[in-house]
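Novice: What follows is a structure written as structure tokens; I'll ask about it next.
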């Protein structure tokens, strides 16, 4: 009787061991689900092809070095590694061509320049196409222009790999003002924000966000949460923050009407 009980117990333990091993093996061989890449959606603004910016390494920094760079037509710049949408780490000192930066800013506008991705190619010399040190996609983070001439003084870039989440000040483009009921009644547009900061996957940073005014009447406003954007974009400010409002008629217009 004792022998039979012992054999039954051994058999139970053996079955339990193999069942646990099988469960563990099942966990090990299970492959994680592959997530589809995030892409732009129809109906939302898409940027054109990324333009190239050439750069050369810069050995050191400082006011004297920066002044010498600008004197020969170069803009001192820095490339940072992105960290949770902020710049920092893996810093590379570079210089870019002043005319190239100015042409890009003039072409798209300062706000749009800061919300656009570029292909940065760091070479040993601008003319040496076969001596490439680094090729990387970047987002301009800061741009300092001369207050009187708009000449670029320095630029800060952050690397923008596909897996990065970047905080981006996205410009707003207002549409539908010609049919807005409030504006047609003589009210005026009170623009509270011209850019809104969003946390964006690097692969779907919109060049701008359209703000539709076509249904706004007098006294009505649009909030950050009302903006139509890709669902993967997350607003950094509170969604209740106002973006634009249709205000009453100006005092000067009221007097003119009388």
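In the numbering used here, the protein residues as written are 64 to 321.
Every residue, glycine too, gets a C-beta built ideally from N, C-alpha and C.
#1: Tell whether a beta-carbon distance below 8 Å holds between residue 157 and residue 118.
#2: In this structure, does DSSP put residue 265 in helix, strand or coil?
#3: Near residue 155, which residues of its chain fall below 6 Å by C-beta distance, leaving aside the five closest residues on each side in sequence?
#4: For residue 290, collect the residues of the same chain with a Cβ closer than 6 Å to its Cβ; drop the 5 residues on either side in sequence, then sort them by chain order.
#5: From the DSSP output, in three-state form, read off residue 292 for me.
#6: Measuring alpha carbon to alpha carbon, tell me which residue in 296, 136, 205 is nearest residue 189.
#7: Which complete beta strand (DSSP E) runs does the stretch 103-152 hold, if anything under 3 residues is left out?
#8: For residue 256, report the span of its alpha helix (DSSP H) as first-last.
#9: For residue 288, which residues of its own chain have a beta-carbon under 6 Å away from its beta-carbon, when the five flanking residues on both sides are left out?
#10: Which residue wins for smallest C-alpha separation from residue 282, given the options 203, 112, 252, 275?
Specialist: For this structure:
#1: If you number the chain shown from 1, residue 157 lands on position 94. If you number the chain shown from 1, residue 118 lands on position 55. The answer is yes: Cβ separation under 8 Å.
#2: Residue 265 sits at position 202 when you count from the first residue of the chain shown. Helix at residue 265.
#3: As a position in the chain shown, residue 155 is number 92, starting the count at 1. The answer, listed in chain order, is 142.
#4: Counted from its first residue, the chain shown places residue 290 at position 227. The answer, listed in chain order, is 272.
#5: Locating residue 292 in the chain shown gives position 229, where the first residue counts as 1. Three-state DSSP puts residue 292 in coil, outside helix and strand.
#6: Locating residue 189 in the chain shown gives position 126, where the first residue counts as 1. Answer by Cα proximity: 136.
#7: 114-120, 137-143
#8: Within the chain shown, the letter at position 193 stands for residue 256. Per DSSP, residue 256 belongs to no alpha helix (DSSP H) and is neither H nor E.
#9: Taking the first residue of the chain shown as position 1, residue 288 is located at position 225. If we look at residue 288 and ignore the five residues flanking it on each side, its Cβ neighbours are 302.
#10: Counting from one through the chain shown, the residue named residue 282 turns up at place 219. Of the candidates 203, 112, 252, 275, the one whose C-alpha sits nearest the C-alpha of residue 282 is 252.
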